[in-house]
Amino acid sequence: MARILLVDDDPDFLEITRLILIQHGHEVFTASNGTQALAGLQAHTPHLLILDIMMNYTLEGLDVLSQLRMDAAFAQLPVLIVSSLTPSQAADFYAGAMSLQAQAWLVKPINPDVLLHAVDTSLPADREERDSTL
């Protein structure tokens, strides 16, 4: 399956989501802030980033997304945005995330089936290539 970096400042969301993804065969690494997210990208080279758009730290999700898009190694990395707000409630964040090529915006609490579908559709289609990098 895929290597996923999951970033959120809510420890309960991190743990529940991590367990859902692991139960479906994914290798999951977590980070609780933007600084850890950037370090995790370098350390784990994920196939997918699931990123909270609004975190209570100096590096918000949009800052992380902007920085990773400037790095050639991560310019095409699929990113799923998670938020407790709908796109209309967070219009500026939504517009920024979509302009930085986020694949989807998922609203918390996230239905596990919706999460898994978003993960599956966001991952590269060539599973053999992806699996060979694990």
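With my numbering applied, the sequence shown corresponds to residues 1 to 134, in that order.
Glycine included, C-beta positions come from ideal geometry on N, C-alpha and C.
Exposed unless 16 or more other CB atoms sit within 10 angstroms - verdict on residue i
i, result
"I81", "buried"
"D71", "exposed"
"V114", "exposed"
"S83", "buried"
"D12", "exposed"
"D120", "exposed"
"A97", "buried"
"L19", "exposed"
"G43", "Residue identity check: residue 43 is Ala in the sequence provided, not Gly. That one is exposed."
"A91", "exposed"
Spatial neighbours of residue i in its chain, beta-carbon cut-off 8 Å, leaving aside the 5 residues before and after
i, result
"L14", "L6, D8, T30 and S32"
"P46", "A2, R3, I4, L5, F29, G40 and L77"
"R130", "With a pLDDT of 47 at R130, under the threshold of 50, the modelled position of that residue is not reliable, and the figure given next carries that caveat. A2, H47, L123 and P124, listed in sequence order."
"P112", "I20"
"L38", "L59, V64, Q67 and L68"
Nearest to residue i (by Cα), restricted to the options the options
i, options, result
"Q36", "F93, M55, L106 and V119", "M55"
"L123", "I50, A73 and D10", "I50"
"P109", "D52, S88 and A73", "D52"
Distance cut-off 7 Å: residue i Cβ against heavy atoms of the ligand GDP
i, result
"N33", "Of ligands this structure carries none, so the ligand GDP is not represented either."
Neighbourhood of residue i by C-beta, 7 Å cutoff - its chain only, sequence neighbours within 5 removed
i, result
"L134", "Summary for L134: the model assigns pLDDT 47, below 50, so the residue's position carries little reliability; its value from the coordinates is reported in the next sentence. Cβ neighbours of L134 beyond the five flanking positions: R3 and E27."
"L59", "N33, G34 and T35"
"L65", "L51, V79, A97, L100 and A102"
"L62", "I53, F93, G96 and A97"
"L68", "L41, F74 and L77"
"A118", "L80, A104 and L106"
Sequence-distant residues of the same chain with beta carbon closer than 6 Å to residue i, five excluded per side
i, result
"V107", "T86"
Short CB-CB distance (under 8 Å) between residue i and chain C
i, result
"V28", "Of the chains in the structure shown, none is chain C; there is only one protein chain."
Decide if the segment 92-103 is in contact with the segment 21-29; the criterion is three or more beta carbon pairs, one per stretch, under 8 Å apart. Not touching, per the Cβ criterion.
field: Secondary structure, beta strand (DSSP E): runs of 3+ residues fully inside the segment 93-129
entry: Complete beta strand (DSSP E) runs here, min 3: 104-107.
Handout entry: Secondary structure, beta strand (DSSP E): runs of 3+ residues fully inside the segment 30-69
Key = Runs found: 48-52.
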